Amino acid sequence: MKLNREFYNRDTLVVAKELLGKILVHEVDGIRTVSKIVEVEAYIGPMDKAAHSYNGRRTPRVEPMYGNPGFAYVYFIYGMYYCFNIVTREEGMPEAVLVRAVEPIEGVEIMAERRFKKSFDELTKAQKKNLTNGPSKLCNALKINKEQNKEDLCGDKLYIEQGKEEEFTIGTSERIGIDYAEEAKNYPWRFYIEGNPYVSKLRRK
Numbered sequence: 569m570k571l572n573r574e575f576y577n578r579d580t581l582v583v584a585k586e587l588l589g590k591i592l593v594h595e596v597d598g599i600r601t602v603s604k605i606v607e608v609e610a611y612i613g614p615m616d617k618a619a620h621s622y623n624g625r626r627t628p629r630v631e632p633m634y635g636n637p638g639f640a641y642v643y644f645i646y647g648m649y650y651c652f653n654i655v656t657r658e659e660g661m662p663e664a665v666l667v668r669a670v671e672p673i674e675g676v677e678i679m680a681e682r683r684f685k686k687s688f689d690e691l692t693k694a695q696k697k698n699l700t701n702g703p704s705k706l707c708n709a710l711k712i713n714k715e716q717n718k719e720d721l722c723g724d725k726l727y728i729e730q731g732k733e734e735e736f737t738i739g740t741s742e743r744i745g746i747d748y749a750e751e752a753k754n755y756p757w758r759f760y761i762e763g764n765p766y767v768s769k770l771r772r773k
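Numbering (the working numbering), first residue to last: 569 to 773.
Set out below in structure tokens:
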């Protein structure tokens, strides 16, 4: 069952935790890839110094965060990487959840070709582990880029499904790579499935 608009139109921290274990599907150029969300980070709008919308910042790049819930916010960093975010809360409340890592389920050969120009069987153990265990890595493997910015996640191209019910422990930590964000760098708004091999490395204190 595909997640509906109401799922995303809630408290961002709640949505972030409940996205864990959900199934991310992307169908592009007739090719379908499927993965399980295993790591996320929440960004809480104007009061969060790590968020692009901190202090009400509103630019063409950030505009998707101010839109309706359940849409994609894809941005470009360092001149080479994409990051995929899911907009939460009602229109005008610029909050979102960054998808940091996923576990490949379907279309693994396609992911391997996109990431390493090799078949999955040709990958080293390290390459297999690094296939989708980071925000830019998963975007590369799932072919998520600027074309998916503002994509409706309740549509038929890029969307998230409920998936099978499973039990797991949710780990919590500070977010990664935001040392510029002063006190906000210490907010425990990163959530992940403990023990999953596709979770990116823990932040060192």
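Glycine included, C-beta positions come from ideal geometry on N, C-alpha and C.
For clarity, every value in this text was computed on a predicted model and none was experimentally measured.
Check                                                                                                                                                   : Outcome
Please go through the segment 677 to 715 and give each complete alpha helix (DSSP H) segment of 4 or more residues, from N-terminal end onward.         : 693 to 697, 703 to 710
Using 10 angstroms around the beta-carbon of Lys714, count the other beta-carbons present and answer buried if the total reaches 16, otherwise exposed. : exposed
With DSSP as the reference, label Tyr646 as helix, strand or coil.                                                                                      : coil
DSSP beta-bridge partners for Thr740?                                                                                                                   : Phe759
Just checking my contact of Ser603 with Glu671 at CB under 8 Å: how many whole Å lie between their CB atoms?                                            : 6 Å
In whole angstroms, what separates the C-alpha of Ser741 from that of Thr656?                                                                           : 21 Å
Could you pull the DSSP bridge partners for Tyr611 from this structure?                                                                                 : Ala664
Three-state secondary structure (DSSP) at Pro628?                                                                                                       : coil
Give the single residue among Arg758, Asn623, Pro614, Lys696 whose Cα lies nearest to the Cα of Ala668.                                                 : Note on identity: in this sequence residue 668 is Arg, with Ala being the wrong assignment. Comparing Cα-Cα distances from Arg668 to each of Arg758, Asn623, Pro614, Lys696, the minimum goes to Arg758.
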